[in-house]
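Taking my numbering, the leading residue of the sequence shown gets 182, the next gets one more, and so forth.
Glycine residues also receive a C-beta, built at the ideal position from the N, C-alpha and C atoms.
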Amino acid sequence: MALLSVQHLALLFGLLGNIVSFFVFLAPIPTFYKIYKRKSSDGYQSIPYVVALFSAELLLYYAVIKTNAYLIVCINGFGCAIELVFISMYMFYANKKDKIFTIKLLVLDILLFGAVIIVSLFLVKGPERVALVGWTCAVINVAVFAAPLSIMRQVIRTRNTQFMPLTLSICLVFCATAWFFYGFFVKDLYIAFPNILGFLFGIAQIVLYCMYKDSKKDEENKKGGEYKEGVEIQVKNDGRR
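Below, the structure is given as structure tokens:
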């Protein structure tokens with residue numbers, strides 16, 4: 182007799198996915214604390230938060246029409262709420278140009294999400310409806326997981342890991358792993374498939390971090406050594422005069 186049934190394993194990984202995703206959703210809090218202290222959101226973009234909101238909305242809708250996907254409903258309901266808080270705070274401290282751009286993104290979000298709902302409700306029925314929304318969620322989630330590619334390229338170019346925190350990368354790996362196994366055990370391809378890529382991208386970020394974490398220190402030490410050597414030479418030359 183197995184220690185844990187498939188249902189128990191699905192519940193276990195689903196709960197783990199909820200816990201890790203909860204902290205991933207809260208990861209931008211330090212950024213917004215800086216925005217609050219500065220009373221300005223200049224230098225930051227609203228795109229990641231609007232995209233995260235769109236992804237959470239789609240997954241929430243998918244979970245509702247699939248039925249009995251309570252764990253997905255819970256975490257993405259929270260995700261929608263927290264992303265709306267972040268976006269509201271961003272806009273409160275944003276300049277006029279950034280506010281207008283963010284409003285345009287939100288309008289696009291509403292139009293796309295509305296289009297998915299209308300098409301799924303009126304043009305398809307039954308299992309086809311779940312499949313349509315499921316594949317839409319999978320494609321969007323793949324795009325979200327691929328977003329760090331630009332940051333990874335920046336790390337390779339600058340040899341600086343400042344904008345790719347190790348803690349967040351590790352959380353993303355655990356998050357993708359938990360949701361992959363949840364999708365695997367409940368036989369949900371639309372949840373499992375994107376998280377394979379999420380796991381691979383997360384591992385790639387950790388590898389890059391390990392490769393370049395000391396590059397900045399080495400550079401600074403090298404510059405410091407060159408400066409010290411230059412000072413010593415100057416002192417010796419001054420002593421000869």
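Query                                                                                                           : Result
Rounded Cβ spacing between Tyr393 and Val305 (contact assumed at less than 8 Å)                                 : Not confirmed; about 47 Å, so no contact.
Simplified DSSP assignment, three categories, for Asn249                                                        : coil
Inter-stretch contact (C-beta, 8 Å, three-pair minimum) for the stretch 257-277 and the stretch 202-221         : yes
Separation of Cys318 from Ser236, as counted between CA atoms                                                   : 7 Å
Minimum C-alpha distance to Gln386 - residue among Val354, Lys368 and Phe365                                    : Val354
Beta-carbon gap between Leu234 and Gly198 smaller than 9 Å                                                      : no
Cutoff 6 Å; reference Val187; Cβ partners in own chain excluding five residues on either side                   : Phe366
Secondary structure of Thr342, DSSP reduced to three states                                                     : coil
Assumed close pair Ser227, Asp279 - CB separation to whole angstroms, cut-off 8 Å                               : 7 Å
Rounded separation between Asp399 and Gln343 - CA only                                                          : Low per-residue confidence applies at Asp399: pLDDT is 46, beneath 50, and the placement is therefore not dependable, though the value from the model is reported in the following sentence. When rounded, the distance between both Cα atoms is 14 Å.
Local conformation of Ala275 per DSSP, three classes                                                            : coil
Nearest-angstrom beta carbon gap, Val311 and Lys247 [assumed within contact, 8 Å]                               : 5 Å
Straight-line Cα distance separating Lys277 from Ile284                                                         : 11 Å
Test item: CB-CB of Leu192 and Leu286 under 9 Å                                                                 : no
Minimum C-alpha distance to Leu190 - residue among Leu378, Trp360 and Cys391                                    : Trp360
Boundaries (first-last residue) of the alpha helix (DSSP H) holding Val354                                      : Leu347 to Phe366
Beta-carbon proximity list for Leu499, same chain, < 7 Å, skipping 5 on both sides                              : Lying outside 182 to 422, the shown extent of the chain, residue 499 is not represented and no answer is given.
Own chain partners of Leu241 with C-beta closer than 7 Å, once the 5 adjacent residues on each side are dropped : Val254, Asn257, Gly258 and Cys261
Cβ-based neighbour list, Leu207, same chain, cut-off 8 Å, excluding 5 preceding and 5 following                 : Ile263
Alpha helix (DSSP H) segment containing Tyr393, residue limits                                                  : Leu370 to Tyr393
Delimiting residues of the alpha helix (DSSP H) encompassing Gly315                                             : Pro308 to Ala327
Range of the contiguous alpha helix (DSSP H) that encloses Leu185                                               : Careful: Leu185 lies outside any alpha helix (DSSP H) and carries neither H nor E.
Presumed contact (8 Å Cβ cut-off) between Phe294 and Leu239, rounded CB distance                                : 7 Å
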